[in-house]
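A.B. asks:
The structure is reproduced here in structure tokens:
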């Protein structure tokens, strides 16, 4: 079932206003260092934060990663990354002292009450197709007095106040830059087109090397694959609502039949913030779960796939870098457009043939797996999407972001707040 929604999250923020105020006072009293960095990522030791961490480590920047629990601690230790537990006094202190704070989702990636005054690098976690930030009405929805216009106004003011603290938000292209500037209410100079660090892994080495590495990881995590075609189904988050495309018994039978007929495997990755209740037929080895509990970041595994099935997820943009043929399964597109909204048109990305049901999606999948012309048509569409949204494909996005951070804090040697710097 779903584990998070804007309504519940915003209600919690309203109740925590005194803590935000206390944190603001703390960051005015505690001087920030000149060089220490703090990293955090909602999904673990992964995503763009990990790519920038490697650049900071190469630059010998003193840094620490804030983690949620023992699993993330073990993952970090295996990579030689020092950690502190979120919610601890030491994590609060290090965040309050850090010169640079690097996040991928929100201030809760670190200690949200101690970020004021730091140079904040918001890497985000994908190119937005669905509207985000202040561009989406969902952002200011609250479970506390949900019909109150005053509550929405307060939440909008809090959001704008928070996003104004962001010092750097890298964009994948000029098209994406416009979306991010609008969503986070930031000026041009804070949203440079330097590429997304999180997708560097899709441009490094040869295509063959990337595929072999990804397939080996998929086999280690999900079981034997061999030469079989691998299809990933990855729906997006629906703000606490279940995935409307969760297969019923008839759908599962049809899915199993096609996988058997075409000797393929289906991996299911529901969104980390809204896990659906997926129950494939018992004993069906061709349908496997690939949730965030098994793999924190699916991006490096995309080259090991043969087809992506999604709806409104930013994975569609990531997969275009591989490239992968993509099938869009969107049974609730009209309602989603009304409630969340899109940048541009959904059909600009999905084409004129998005499926509304699993039988329709399976028909398209069968064509991709058996008809070279259909596969090439969808690959061409992916390449066109890639050309529109990615300015760089050289595997050096994290390097450009790191250089942009150094240039920014070099030009601003003192914290953004008044008061003395130290050390």
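Residue numbers (the numbering used here): 1199 to 1621.
Idealized CB from N, CA, C, for every residue including glycine.
Keep in mind that this is a model prediction, so the values were computed, not measured.
Using the Cα positions of residue 1619 and residue 1223, report the straight-line distance between them to the nearest angstrom.
C.D. replies: Within the chain shown, residue 1619 is the residue found at index 421, counting from 1. Within the chain shown, residue 1223 is the residue found at index 25, counting from 1. Summary for residue 1619: the model assigns pLDDT 37, below 50, so the residue's position carries little reliability, and this model does not support an answer.
A.B. asks: Out of 1358, 1236 and 1330, state which residue places its alpha-carbon closest to the alpha-carbon of residue 1292.
C.D. replies: Here residue 1292 is taken as the residue at index 94 of the chain shown, counted from 1. That would be 1236, whose Cα lies nearest to the Cα of residue 1292.
A.B. asks: Sort 1483, 1500, 1312 and 1518 by Cα distance to residue 1407 and report the nearest one.
C.D. replies: Here residue 1407 is taken as the residue at index 209 of the chain shown, counted from 1. Out of 1483, 1500, 1312 and 1518, 1500 has the C-alpha closest to the C-alpha of residue 1407.
A.B. asks: May I have a chain-ordered list of the alpha helix (DSSP H) segments no shorter than 4 residues that lie completely inside the region 1284-1360?
C.D. replies: 1287-1295
A.B. asks: Mind checking whether residue 1300 and residue 1319 have CB atoms under 7 Å apart?
C.D. replies: Sequence index remark: in the chain shown, residue 1300 carries index 102 (1-based). Sequence index remark: in the chain shown, residue 1319 carries index 121 (1-based). Cβ atoms of residue 1300 and residue 1319: closer than 7 Å.
A.B. asks: What whole-angstrom Cβ distance do residue 1531 and residue 1544 have, given they're in contact under 8 Å?
C.D. replies: The sequence position of residue 1531 within the chain shown is 333, counting from 1. The sequence position of residue 1544 within the chain shown is 346, counting from 1. With a Cβ gap of about 6 Å, residue 1531 and residue 1544 count as contacting.
A.B. asks: Ignoring anything shorter than 4 residues or poking outside the region 1530-1573, list the alpha helix (DSSP H) runs there in chain order.
C.D. replies: 1531-1537, 1544-1548 and 1556-1568
A.B. asks: Would you call the region 1546-1563 and the region 1356-1365 touching, i.e. three or more CB-CB distances under 8 Å?
C.D. replies: No, the region 1546-1563 does not touch the region 1356-1365.
A.B. asks: Please report the straight-line C-alpha distance between residue 1310 and residue 1464, rounded to a whole angstrom.
C.D. replies: Reading the chain shown from its first residue, position 112 is the one you call residue 1310. Reading the chain shown from its first residue, position 266 is the one you call residue 1464. Distance between residue 1310 and residue 1464, taken at the CA atoms: about 38 Å.
A.B. asks: Round the Cβ separation of residue 1400 and residue 1382 to the nearest angstrom and send it over; I've been treating them as touching at under 8 Å.
C.D. replies: Locating residue 1400 in the chain shown gives position 202, counting from the first residue. Locating residue 1382 in the chain shown gives position 184, counting from the first residue. At roughly 25 Å, the Cβ-Cβ gap does not stay under 8 Å, so residue 1400 and residue 1382 are not in contact.
A.B. asks: Could you compute how far the alpha carbon of residue 1307 sits from the alpha carbon of residue 1580?
C.D. replies: As a working mapping, residue 1307 is identified with position 109 in the chain shown. As a working mapping, residue 1580 is identified with position 382 in the chain shown. Residue 1307 and residue 1580: Cα-Cα distance of roughly 32 Å.
A.B. asks: Considering only residues of the same chain and omitting the five flanking positions on each side of residue 1528, which have a CB-CB separation below 6 Å?
C.D. replies: Locating residue 1528 in the chain shown gives position 330, where the first residue counts as 1. For residue 1528, where only same-chain residues beyond five positions count, the Cβ hits under 6 Å are 1509 and 1552.
A.B. asks: How would you call residue 1216, buried or exposed, if buried means at least 16 neighbouring beta carbons within 10 angstroms?
C.D. replies: Against the chain shown, residue 1216 aligns to sequence position 18. Under this definition residue 1216 is an exposed residue.
A.B. asks: Please check the pair residue 1598 and residue 1393, which I expect to be a contact at CB under 8 Å, by giving their CB distance rounded to whole angstroms.
C.D. replies: Within the chain shown, numbered from 1, the residue matching residue 1598 stands at position 400. Within the chain shown, numbered from 1, the residue matching residue 1393 stands at position 195. With a Cβ gap of about 6 Å, residue 1598 and residue 1393 count as contacting.
A.B. asks: Roughly how many whole angstroms lie between the Cα atoms of residue 1451 and residue 1479?
C.D. replies: For this step, residue 1451 is matched to residue 253 along the chain shown. For this step, residue 1479 is matched to residue 281 along the chain shown. Each residue's alpha carbon lies about 8 Å from the other.
A.B. asks: Using DSSP with H/G/I as helix, E/B as strand and the rest coil, what is residue 1522?
C.D. replies: Counting from 1 along the chain shown, the entry for residue 1522 is found at position 324. It is coil, neither helix nor strand.
A.B. asks: Excluding sequence positions up to five away, which residues of its chain have a Cβ less than 6 Å from the Cβ of residue 1369?
C.D. replies: Numbered from its first residue, the chain shown carries residue 1369 at position 171. Within the same chain, residue 1369 has close Cβ partners 1375, 1378, 1389 and 1391.
A.B. asks: Excluding five sequence neighbours on each side, which residues of the same chain lie with their C-beta closer than 7 Å to the C-beta of residue 1606?
C.D. replies: By 1-based counting over the chain shown, the position of residue 1606 is 408. Same-chain partners within the cutoff: 1317, 1365 and 1366.
A.B. asks: Does the Cβ of residue 1524 have 16 or more other Cβ atoms within 10 Å, making it buried, or fewer, making it exposed?
C.D. replies: Looking up residue 1524 in the chain shown gives position 326. Counting Cβ neighbours within 10 Å, residue 1524 comes out buried, since at least 16 surround it.
A.B. asks: State the Cα-Cα distance for the pair residue 1199 and residue 1440, rounded to the nearest angstrom.
C.D. replies: Numbered from its first residue, the chain shown carries residue 1199 at position 1. Numbered from its first residue, the chain shown carries residue 1440 at position 242. Because the pLDDT of residue 1199 is 39, which lies under 50, any placement of that residue in the model is unreliable, and the number read from its coordinates should be weighed accordingly. Cα-Cα distance, rounded: 7 Å.
A.B. asks: Let me know the secondary structure DSSP gives residue 1365 once reduced to three states.
C.D. replies: Sequence index remark: in the chain shown, residue 1365 carries index 167 (1-based). Correct three-state label for residue 1365: strand.
A.B. asks: Taking the DSSP output, what are the residues bridged to residue 1431?
C.D. replies: Counting from one through the chain shown, the residue named residue 1431 turns up at place 233. Answer by DSSP bridge pairing, in chain order: 1466 and 1507.
A.B. asks: Quick one: using the 10 Å Cβ neighbour count with 16 as the cut-off for buried, is residue 1467 buried or exposed?
C.D. replies: As a first step, residue 1467 must be located in the chain shown, where it is residue number 269. Its Cβ being crowded by 16 or more others within 10 Å, residue 1467 is buried.
A.B. asks: Going by DSSP, what residue range makes up the beta strand (DSSP E) through residue 1261?
C.D. replies: Taking the chain shown and counting its residues from 1, the one referred to as residue 1261 is at position 63. Its beta strand (DSSP E) spans residues 1261-1265.
A.B. asks: Around the C-beta of residue 1425, are 16 or more other C-beta atoms found within 10 angstroms, so that it is buried, or is it exposed?
C.D. replies: In the chain shown, counting from the first residue as 1, residue 1425 sits at position 227. Classification of residue 1425: exposed, given that the 10 Å Cβ count is below 16.
A.B. asks: Compute every distance between the C-beta of residue 1462 and the non-hydrogen atoms of the ligand MN, then say whether any falls below 6 Å.
C.D. replies: Of ligands this structure carries none, so the ligand MN is not represented either.
A.B. asks: Let me make sure I understand the geometry here. Which of 1398, 1288 and 1227 has the alpha-carbon closest to that of residue 1595?
C.D. replies: Mapped onto the chain shown, residue 1595 falls at position 397. When only C-alpha atoms are compared, the closest one is 1398.
A.B. asks: Would you give the residue range spanned by the alpha helix (DSSP H) that residue 1250 belongs to?
C.D. replies: Within the chain shown, the letter at position 52 stands for residue 1250. It spans 1245-1256 - the alpha helix (DSSP H) in which residue 1250 sits, taken as one unbroken run.
A.B. asks: How about the region 1273-1280 and the region 1237-1248: do they share at least three Cβ pairs that are nearer than 8 Å?
C.D. replies: Segments in contact, yes.
A.B. asks: If we count the other Cβ atoms within 10 Å of its Cβ and call it buried at 16 or more, is residue 1258 buried or exposed?
C.D. replies: Translated into the one-based positions of the chain shown, residue 1258 becomes position 60. With fewer than 16 Cβ atoms within 10 Å of its Cβ, residue 1258 is classed as exposed.
A.B. asks: In the DSSP assignment, the beta strand (DSSP E) including residue 1486 goes from what residue to what residue?
C.D. replies: If you number the chain shown from 1, residue 1486 lands on position 288. First-last of the beta strand (DSSP E) with residue 1486: 1485-1487.
A.B. asks: Please list the terminal residues of the continuous beta strand (DSSP E) segment that includes residue 1236.
C.D. replies: Here residue 1236 is taken as the residue at index 38 of the chain shown, counted from 1. From DSSP, the beta strand (DSSP E) with residue 1236 extends over 1235-1237.
A.B. asks: Would you mind sorting residue 1287 into buried or exposed? The rule is 16 or more other CB atoms within 10 Å of its CB.
C.D. replies: In the chain shown, residue 1287 corresponds to position 89, counting from 1. When all chains shown are included, residue 1287 counts as exposed.
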